[in-house]
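In mature numbering (1 follows the signal peptide of the UniProt record, and there is no 0), the protein residues as written are -16 to -1, 1 to 213. Every residue, glycine too, gets a C-beta built ideally from N, C-alpha and C. The block underneath contains the structure these notes are about, expressed in structure tokens.
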Amino acid sequence: MMISCSFICVYTYIFAVLINKVSLDVTVEGFIGGSVVLPCSSTEHNLKLQEVDVSWRHNGSKNVCDLIPRSNSIETQDTRYKNRTKTFPEGYVRGNFSIKLSGLNHADAGEYICLITPSDEQETVELIINDFFVVEPTTEKGNQTTDQEIQEEIRPDSVKKSWLWILVVTLLIVLSLIFIVIMFRRKISSCLMSGERGVGSDTHEVLSPDPHYKSVTADDRDEAAKAGE
């Protein structure tokens, strides 16, 4: 029983860690000289932009940019990100606070955190920089909408899909349930077998004749009567 409890505790811990990983982390890959979109969105509906404050931070301290209400104010922005960040104001009303970071270099790698207040939402993006050098095209994209541009930048080969983590979590849950069911059935089976052995032993004791017991016959009764006379 102690072993089964240990397995359940281990699976529960792994499940909690993976759930946290799925819900918070997104991994994006970029190339030297290229650009990437760092996704961030709010789950709140009917946002009042005058009450919302959004900021992006790199590795916990560097100010990448502040969106609302400062509208990417360059006064508070770290100098290394000036003229390298692009925001999408048209998406603010839909809760889309993604940013585009261009001119990538190795120093840009690391953890980016999007903080949304007062809803206290936080989205973490891990940026990985590869060594391939990319020259960004200078041609205009015409009248593309914000969502189209963001979707174009977030390519399937640059984002590690969260469905892989979901698959792993689902597999662990299934294995945990199978293990619990097997242990439960073994426990029930063991209890039933113990009960059957106990009943059989009691019945045997009741039905087994006493070795010192002797049956009384009619002749024995007649002799007892004559002795009494």
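Within the continuous beta strand (DSSP E) that includes N47, where are the two ends? As a first step, residue 47 must be located in the sequence shown, where it is residue number 63. Looking at the DSSP string, the run of the beta strand (DSSP E) that includes N47 is K46 to D50.
Got a sec, what are the start and stop residues for the beta strand (DSSP E) residue 262 sits in? With the chain covering -16 to 213 only, the question about residue 262 has no answer from this structure.
Would a C-beta distance cut-off of 8 Å place I83 and L22 closer than the cut-off? The residue labelled residue 83 in the question sits at position 99 within the sequence shown. The residue labelled residue 22 in the question sits at position 38 within the sequence shown. Their beta carbons are under 8 Å apart, which means I83 touches L22 by this criterion.
Going by Cα to Cα distance, which pick from G94, C49 and R78 is closest to D9? Stepping through the sequence shown from its first residue, residue 9 is reached at position 25. It is G94 whose Cα lies nearest to the Cα of D9.
Mind checking Y76: buried by the 16 CB within 10 Å criterion, or exposed? Within the sequence shown, the letter at position 92 stands for residue 76. So Y76 ends up on the buried side.
Simplified DSSP state of L31, which is helix, strand or coil: Position 47 of the sequence shown, counted from the first residue, corresponds to residue 31. L31: coil per DSSP, three-state reduction.
Hey, how far is the Cα of S25 from the Cα of V152? Your numbering for residue 25 matches position 41 in the sequence shown. Your numbering for residue 152 matches position 168 in the sequence shown. Going by the C-alpha atoms only, they are around 25 Å apart.
Let me know the secondary structure DSSP gives D92 once reduced to three states. As a first step, residue 92 is located in the sequence shown; it is residue number 108 there, counting from the start. Note: D92 maps to helix in three-state DSSP.
Where DSSP assigns a beta bridge to D9, which residues make up the other side? Taking the first residue of the sequence shown as 1, we reach residue 9 at position 25. DSSP output for D9 lists T108 as bridge partner(s).
Could you compute how far the alpha carbon of I164 sits from the alpha carbon of V12? Here the question's residue 164 lines up with position 180 in the sequence shown. Here the question's residue 12 lines up with position 28 in the sequence shown. The straight-line gap from Cα to Cα measures roughly 37 Å.
Please classify C98 as buried or exposed, where buried requires at least 16 neighbouring CB atoms within 10 angstroms. Position 114 of the sequence shown, counted from the first residue, corresponds to residue 98. Looking at its Cβ environment, which holds 16 or more other Cβ atoms inside 10 Å, C98 is buried.
Residue environment, W40, which counts as buried when at least 16 other CB atoms sit within 10 Å: The sequence position of residue 40 within the sequence shown is 56, counting from 1. Its Cβ being crowded by 16 or more others within 10 Å, W40 is buried.
In or out: H42 buried (at least 16 other Cβ within 10 Å) or exposed? Residue 42 sits at position 58 when you count from the first residue of the sequence shown. Buried, since its Cβ has 16 or more Cβ neighbours within 10 Å.
Taking all protein chains shown into account, decide if Q61 is buried (16 or more other Cβ within 10 angstroms of its Cβ) or exposed. In the sequence shown, residue 61 corresponds to position 77, counting from 1. Classification of Q61: buried, given that the 10 Å Cβ count is 16 or more.
Option nearest G17 by Cα separation, candidates Y96, H90, D37 and V36: As a working mapping, residue 17 is identified with position 33 in the sequence shown. When each option's Cα is compared against that of G17, the closest is H90.
Proximal residues to L85 (C-beta, below 7 Å), its chain only, five neighbours per side dropped: For the purposes of this step, residue 85 is taken as residue 101 along the sequence shown, with counting starting at 1. Within the same chain, L85 has close Cβ partners S19, V20, L22, R68, T69 and D92.
Less than 8 Å between the CB atoms is what I'm expecting for E28 and G79, so what's the real figure, rounded? Here residue 28 is taken as the residue at index 44 of the sequence shown, counted from 1. Here residue 79 is taken as the residue at index 95 of the sequence shown, counted from 1. Between G79 and E28 the Cβ distance is about 6 Å, and since that is below 8 Å, they are a contact.
So, for Y65: in the same chain, excluding its five sequence neighbours on each side, which residues have a beta-carbon less than 7 Å away from its beta-carbon? Position 81 of the sequence shown, counted from the start, is the residue given in the question as residue 65. These residues qualify, in order along the chain: V48 and C49.
Would F15 pass as a contact of F168 if the rule is Cβ separation under 8 Å? The residue you call residue 15 lines up with position 31 of the sequence shown. The residue you call residue 168 lines up with position 184 of the sequence shown. No, Cβ-Cβ distance for F15 and F168 is not below 8 Å.
Residues bridged to G17 by DSSP? By one-based count along the sequence shown, residue 17 stands at place 33. BP columns for G17 are empty, so no partner.
For T101, does the three-state DSSP call read helix, strand or coil? Numbered from 1 along the sequence shown, position 117 holds the residue referred to as residue 101. It is a strand residue.
Go ahead and pull the three-state DSSP assignment for residue 224. Nothing can be reported for residue 224: it is not among the residues displayed for the chain, which extend from -16 to 213.
How many Å lie between I162 and E110 at the Cα? Taking the first residue of the sequence shown as 1, we reach residue 162 at position 178. Taking the first residue of the sequence shown as 1, we reach residue 110 at position 126. Rounded to whole angstroms, I162 to E110 spans 34 Å at the Cα level.
Out of T108, T63, K171 and T101, which one is the CA nearest neighbour of G44? Looking up residue 44 in the sequence shown gives position 60. Of T108, T63, K171 and T101, the residue nearest in Cα terms is T108.
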